[in-house]
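Visitor: My questions will all concern the structure given below.
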Amino acid sequence: MKIYYAASIWGAQGDDNFNLEMIACLKKHATVLSEHLFLSDYKNKEHLDKKAIHDRDLAWVNEADLIVAEFTSPSLGVGYELREAAVKGKQIVVLYKPQEGKRLSAMISGSDGAVTVFEYQNLADAKQKIEAFFKK
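Take 33 as the starting number for the sequence shown in the working numbering and just add one per residue.
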């Protein structure tokens with residue numbers, strides 16, 4: 033099994049540890065195609081142009097059996113990737129931490145079963161929900 037893990041890379045300050053922990057949890061069950069995007073030195077080492085990044089990431093979405101996306105910090109790129117995955121009939125899991133005054137986009141939460149949404153309170157809760165998902 034192959035998983036494409038998606039989250040805001042440029043806009044979510046302080047989420048690095050969460051993303052790496054979630055990837056470690058997912059790696060117990062499958063290969064994570066996008067793991068290197070969340071390593072601490074990625075932003076300094078990425079030398080691909082915008083088109084190459086676009087094409088690479090969509091190729092990974094198409095290659096993946098499952099898409100897991102952290103969507104607490106919305107990302108236009110992640111939304112784009114989720115739409116591509118939905119059109120291709122991919123299984124999609126979205127992790128979302130509720131925050132006062134903010135809500136998950138209805139385009140994600142109202143997708144009539146195309147997306148499974150797990151609301152979580154902390155890292156341990158998110159991991160528990162992912163583990164339960166894989167036990168099904």
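Quick reminder that beta carbons are idealized off the backbone N, C-alpha and C, glycines included.
For the pair the segment 126-136 and the segment 58-72, tell me if three or more CB-CB distances fall below 8 Å.
Guide: When C-beta atoms of the segment 126-136 are compared with those of the segment 58-72, fewer than three pairs fall below 8 Å, so the two segments do not count as touching.
Visitor: To the nearest angstrom, how far is the alpha carbon of D89 from that of F166?
Guide: Between D89 and F166, the C-alpha separation is close to 24 Å.
Visitor: Would you call A56 buried or exposed, if buried means 16 or more other Cβ atoms sit within 10 Å of its Cβ?
Guide: It is exposed - the Cβ of A56 has fewer than 16 other Cβ atoms within 10 Å.
Visitor: Do K161 and D97 have their C-beta atoms closer together than 7 Å?
Guide: No, they are not a contact pair.
Visitor: If you follow the alpha helix (DSSP H) that I162 is in, where does it begin and where does it stop?
Guide: In this chain, the alpha helix (DSSP H) harbouring I162 covers L155 to K167.
Visitor: Once the 5 residues before and after S92 are set aside, which same chain residues still bring their CB inside 7 Å of it?
Guide: The residue asked about is misnamed: residue 92 is Trp in this sequence, not Ser. Only Y36, L65 and S66 meet the Cβ criterion.
Visitor: So who's on the other strand from T148, going by DSSP bridges?
Guide: V125
Visitor: Only counting the same chain, and skipping five residues up and downstream in sequence, which positions put a Cβ closer than 8 Å to that of K159?
Guide: Around K159: E53, M54 and C57.
Visitor: Which value, in whole angstroms, describes the spacing of the CA atoms of G142 and A84?
Guide: 31 Å
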